[in-house]
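Trainee: Residue numbering for the sequence shown follows the numbering used here, starting at 82 and increasing by one per position.
Even for Gly, the Cβ is constructed at its ideal location relative to N, Cα and C.
None of the values given here were measured: they were computed from a predicted structure.
Could you have a look at this structure, given as structure tokens, before my questions?
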Amino acid sequence: VAHCKGFFFCGQEPFVADEYIERLAWRTPGGGSRGGEAFDPKRLLEEFVNHIQELQVMDERIQRKVEKLEQQCQKEAKEFAKKVQELQKSNQVAFQHFQELDEHISYVATKVCHLGDQLEGVNTPRQRAVEAQKLMKYFNEFLDGELKSDVFTNSEKIKEAADIIQKLHLIAQELPFDSLMGFCCYPLSSPGKYHDLECQLIQEFTSAQRRGEISRMREVAAVLLHFKGYSHCVDVYIKQCQEGAFLRNDVFEDAAILCQRVNKQVGEIFSNPETVLAKLIQNIFEVKLQSYVKDQLEEHRKSDAEQYLKNLYDLYTRTTNLSSKLMEFNLGTDKQTFLSKLIKAIFISYLENYIEVEIGYLKSRSAMILQRYYDSKNHQKRSIGTGGIQDLKERLRQRTNLPLGPSIDTHGETFLSQDVVVNLLQETKQAFERCHRLSDPSDLPKNAFRIFSMLVEFLCTEHIDYALETGLAGIPSSDSKNANLYFLDVVHQANTIFHLFDKQFNDHLMPLISSSPKLSECLQKKKDIIEQMEVKLDIGIDTLNCMIGQMKHILAAEQKKTDFKPEDENNVLIQYTNACVKVCGYVRKQVEKIRNSMDGKNVDTVLMELGVRFHRLIYEHLQQYSYSCMGGMLAICDVAEYRKCAKDFKIALVLQLFDTLHALCNLLVVAPDNLKQVCSGEQLANLDKNILHSFVQLRVDYRSARLARHFS
């Protein structure tokens, strides 16, 4: 079995000894692999011995076969080696023959080249002599005045005729006129024949172009390249290219399509296609576009500034877009400068004074928008104070120190309009866009600043600032009854409008001035505007006095002395007084109004001021009454309701003040024996003793000896 490991049987799997033995044992009777048979080791051993002998015989037979094949292989290897040696010898002989042949070919080639040089040396003068003879023959025909040669009479040979006349023309020009030959050659040097042939060639080129024969056009153009009329040929081509090309209303789209079509064709016709295409583009700009732009702009230049600016922006934009498309073509080395000069030549007369037209239109348009709005309100604008920030502060300071006098009734009108603001911002936005497109880069920041100044003048000064001034004048006095606090509505709308103004500042102005000195100037101007408005808004907070005055009026009208000292102590059915209900309702409305009118830290600042004044009003109001035991309980209920209202302020200080006031009101009902204990409590311990005493004095039983003794 060991000798058979690794052997293959024909058409079978690789030989595996273990599996082979297993199969052998399984097939042998008594081998123990079949179920139900008794194991017979002798029989299995006998089978194995017989099989081993068979395998040994097979091994010997295979070994003899292998030896025979090895001998045969060695014999064939010797024969192959001998044949290879013979082939190598044959190859060496063939290589030697090849070298000899190569040397012979080189020798013959050298002789042929030498012979060719000799022939060329003889043939070149001969060819020149033949050409000279032909030229002399043609020259004689010109002298006789009769052109008989086929080259002159056959129209299909115009190319050869042109070449001949070009050469004769050059020769004739070199001869002096005062010599006999020069005089005889004058007909050739004069422009007559030369010009006639040029005209024929150009006519042929024109006809070929109309027929669309590109190959013929290329041939004629190549001939004309050496004539003076070559440029005229290019002009004819450019002129015919444009015939029927501008039939639609969109001259810019027509021009782009024409240039794209010519760009594909011109390289197949002319030897200098970039020059021809550049000349076509120059012709389109200087003739078609310039004429179109002039017609569109001159119509509205003096009569309609709005339409003039729109047309100028649109035409300039479309022209630059066309230029961008043309940049894809080969127009020579510096096509960017070439196209820029063409655009400048068209628009220079309009761009020189563009910003003056823009500012003039923006000023008149903005004034019209505002006037139309005020006319719709039947309102005649009042003159408002002028001057710097310090003058404004002083003027408003003096105003706050004087009685306001009769206020102006605005009938609830804020004199601020979202439509007006949107229109002004839209006009300015369009002006910024035009400025960006039409201004020279060096003038862009300066022009943008002038437009911004117009926006400040009409939106911020003439509209927002005027509305604030009018709102301030409309603030009622603190003792007015049923005061309508429309100034908060003005504040709310002014705040919204200024956010829109700030957005346009960042979105449209900043990109135009971000890298110039005008940036700091614009930021300072914006800062001054904000400060000026904030000063007026601060003064407008005098509306808090009006709110407090309105609360005083409610308390004076609704609060009764009997509320806190009822006649029947045992028959009090209300939880808090009517005055408290109305004051709290009014305060909640004003808090909501303030939150809607302002944003950011301004809300907290104003609400804190209102909350402090509200607390002071309630504190002083409570000091005006005497309190029975049940009246004190009712006062505590009122203060609890005020404190609940104070929570809407969401200001910690205001809530703390009302918490303390609520604790003070407990002094109105606490038993005399517990007064000292209550006064030393957490909320009252740090208060001045006089304040505590003032509240205890409000009790109706204060004069009793027992209460006075306990408190002292």
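Run through the DSSP bridge pairs and tell me what Y708 is partnered with.
Mentor: The residue given as residue 708 occupies position 627 in the sequence shown. According to DSSP, Y708 bridges with R780.
Trainee: Hey, how far is the Cα of L390 from the Cα of K682?
Mentor: If you number the sequence shown from 1, residue 390 lands on position 309. If you number the sequence shown from 1, residue 682 lands on position 601. Going by the C-alpha atoms only, they are around 43 Å apart.
Trainee: Please confirm if the region 320-339 is in contact with the region 389-406, defined as three or more CB-CB distances below 8 Å between the two stretches.
Mentor: Segments in contact, yes.
Trainee: Beta-carbon separation of Y397 and L519 under 9 Å?
Mentor: Counting from one through the sequence shown, the residue named residue 397 turns up at place 316. Counting from one through the sequence shown, the residue named residue 519 turns up at place 438. For Y397 and L519, yes; Cβs fall inside 9 Å.
Trainee: Count the other CB atoms within 10 Å of the CB of I532; is the residue buried (16 or more) or exposed (fewer)?
Mentor: Residue 532 sits at position 451 when you count from the first residue of the sequence shown. Buried, by the Cβ-count rule.
Trainee: Taking the straight line between their C-alpha atoms, what separation do you get for D183 and G202?
Mentor: For the purposes of this step, residue 183 is taken as the residue at position 102 of the sequence shown. For the purposes of this step, residue 202 is taken as the residue at position 121 of the sequence shown. Cα-Cα distance, rounded: 28 Å.
Trainee: Where A119 and A98 are concerned, what is the direct C-alpha to C-alpha distance, given to the nearest angstrom?
Mentor: As a working note, residue 119 is residue 38 in the sequence shown. As a working note, residue 98 is residue 17 in the sequence shown. Computed Cα separation, rounded: 25 Å.
Trainee: Tell me whether T287 sits in a helix, a strand or coil according to DSSP, three-state version.
Mentor: Position 206 of the sequence shown, counted from the start, is the residue given in the question as residue 287. In this structure, T287 counts as helix in the three-state DSSP scheme.
Trainee: Go through its chain and collect everything with a Cβ distance to L305's Cβ below 6 Å, but skip five positions before and after it.
Mentor: Working through the sequence shown from its first residue, we reach residue 305 at position 224. Excluding positions up to five away in sequence, the list reads L282, Y311, C314.
Trainee: Suppose the cutoff is 7 Å on Cβ atoms and the five residues either side in sequence are ignored; what does the same chain contact list for E543 look like?
Mentor: As a first step, residue 543 must be located in the sequence shown, where it is residue number 462. Around E543: L451.
Trainee: May I ask which residues mark the beginning and end of the alpha helix (DSSP H) holding K360?
Mentor: Sequence index remark: in the sequence shown, residue 360 carries index 279 (1-based). Unbroken alpha helix (DSSP H) run through K360: 354-364.
Trainee: Just to confirm, are V750 and C710 a CB contact at a threshold of 9 Å?
Mentor: In the sequence shown, the residue the question calls residue 750 occupies position 669. In the sequence shown, the residue the question calls residue 710 occupies position 629. Against a cut-off of 9 Å, the Cβ pair of C710 and V750 comes out as a contact.
Trainee: Which parts of the region 510-554 are runs of the alpha helix (DSSP H), unbroken and 4 residues or longer, counting only runs that do not cross its ends?
Mentor: If we require 4 residues or more, the alpha helix (DSSP H) runs fully inside the region 510-554 come out as 525-536, 547-554.
Trainee: Would you mind reading off the limits of the alpha helix (DSSP H) that contains L698?
Mentor: Within the sequence shown, numbered from 1, the residue matching residue 698 stands at position 617. First-last of the alpha helix (DSSP H) with L698: 682-703.
Trainee: Quick one: give me the first and last residue of the alpha helix (DSSP H) that Q574 is part of.
Mentor: Here residue 574 refers to the residue found at position 493 when the sequence shown is read from its first residue. 568-585 is the span of the alpha helix (DSSP H), which, as asked, contains Q574.
Trainee: Fully enclosed by the region 129-196, which alpha helix (DSSP H) runs are 4 residues long or longer?
Mentor: As far as the region 129-196 is concerned, it has no whole alpha helix (DSSP H) run of at least 4 residues.
Trainee: Take Q134 and list the residues in its own chain whose beta-carbon comes closer than 6 Å to its own, dropping the five residues that flank it on each side.
Mentor: Within the sequence shown, residue 134 is the residue found at index 53, counting from 1. Nothing meets the Cβ criterion.
Trainee: Taking D376 as part of the alpha helix (DSSP H), name the residues at either end of that continuous run.
Mentor: Position 295 of the sequence shown, counted from the start, is the residue given in the question as residue 376. First-last of the alpha helix (DSSP H) with D376: 371-379.
Trainee: If you drop the 5 nearest sequence neighbours on each side, which residues of the same chain put their C-beta closer than 8 Å to that of S775?
Mentor: By one-based count along the sequence shown, residue 775 stands at place 694. Around S775: Q704.
Trainee: How about V687 and M679: are their beta carbons less than 9 Å apart?
Mentor: The sequence position of residue 687 within the sequence shown is 606, counting from 1. The sequence position of residue 679 within the sequence shown is 598, counting from 1. In contact: V687 and M679 (Cβ atoms closer than 9 Å).
Trainee: Tell me whether the beta-carbon of L540 lies closer than 9 Å to the beta-carbon of L506.
Mentor: Taking the sequence shown and counting its residues from 1, one reaches residue 540 at position 459. Taking the sequence shown and counting its residues from 1, one reaches residue 506 at position 425. Yes, they are a contact pair.
Trainee: Whose C-beta lies closer than 6 Å to the C-beta of F366 among residues of the same chain, with five residues either side of it excluded?
Mentor: Within the sequence shown, numbered from 1, the residue matching residue 366 stands at position 285. Excluding residues within five positions, the ones whose Cβ falls inside 6 Å are L423.
Trainee: Between which two residues does the alpha helix (DSSP H) harbouring S312 extend?
Mentor: By one-based count along the sequence shown, residue 312 stands at place 231. Unbroken alpha helix (DSSP H) run through S312: 311-322.
Trainee: Per DSSP, what kind of secondary structure is P206 in: helix, strand or coil?
Mentor: Position 125 of the sequence shown, counted from the start, is the residue given in the question as residue 206. Correct three-state label for P206: helix.
Trainee: Within a Cβ cutoff of 8 Å, which residues of the same chain sit near L734, ignoring the five residues on either side of it in sequence?
Mentor: Here the question's residue 734 lines up with position 653 in the sequence shown. Contacts found: M689, G692, V693.
Trainee: Determine, using beta carbons only, whether D719 and C661 come nearer to each other than 9 Å.
Mentor: In the sequence shown, residue 719 corresponds to position 638, counting from 1. In the sequence shown, residue 661 corresponds to position 580, counting from 1. Yes; because the gap between Cβ atoms is below 9 Å, this pair is in contact.
Trainee: Among the candidates L407, K383, N392, V374, whose CA atom is the shortest distance from the CA of L358?
Mentor: Counting from 1 along the sequence shown, the entry for residue 358 is found at position 277. Here the closest residue by C-alpha is L407.
Trainee: At which residues does the alpha helix (DSSP H) containing N459 begin and terminate?
Mentor: Stepping through the sequence shown from its first residue, residue 459 is reached at position 378. N459 -> no alpha helix (DSSP H), and no H or E assigned at all.
Trainee: Please list the terminal residues of the continuous alpha helix (DSSP H) segment that includes E433.
Mentor: Counting from one through the sequence shown, the residue named residue 433 turns up at place 352. Element bounds for E433: n/a, residue is neither H nor E.
Trainee: Go ahead and label D570 buried or exposed: buried means 16 or more other beta carbons lie within 10 angstroms of its beta carbon, across all protein chains shown.
Mentor: What you label residue 570 is simply residue 489 of the sequence shown in a count that begins at 1. With 16 or more Cβ atoms within 10 Å of its Cβ, D570 is classed as buried.
Trainee: Which parts of the region 584-667 are runs of the alpha helix (DSSP H), unbroken and 4 residues or longer, counting only runs that do not cross its ends?
Mentor: Those alpha helix (DSSP H) runs which fall completely within the region 584-667 and span 4+ residues are 591-594, 599-621, 624-639.
Trainee: Residues in its own chain within less than 7 Å of F513 by CB, not counting five upstream and five downstream?
Mentor: By one-based count along the sequence shown, residue 513 stands at place 432. Here the set comprises A529, I532, H589, L590, L593.
Trainee: Does DSSP put S761 in a helix, in a strand, or in coil?
Mentor: Within the sequence shown, numbered from 1, the residue matching residue 761 stands at position 680. In the structure shown, S761 sits in coil (DSSP, three-state: anything other than H, G, I, E or B).
Trainee: Helix, strand or coil, according to DSSP, for D335 in the structure here?
Mentor: Within the sequence shown, residue 335 is the residue found at index 254, counting from 1. DSSP places D335 in helix when its eight states are reduced to three.
Trainee: Buried or exposed: where does G441 fall if 16 or more other Cβ atoms within 10 Å of its Cβ makes it buried?
Mentor: Your numbering for residue 441 matches position 360 in the sequence shown. The residue is exposed, with fewer than 16 neighbouring Cβ atoms inside 10 Å.
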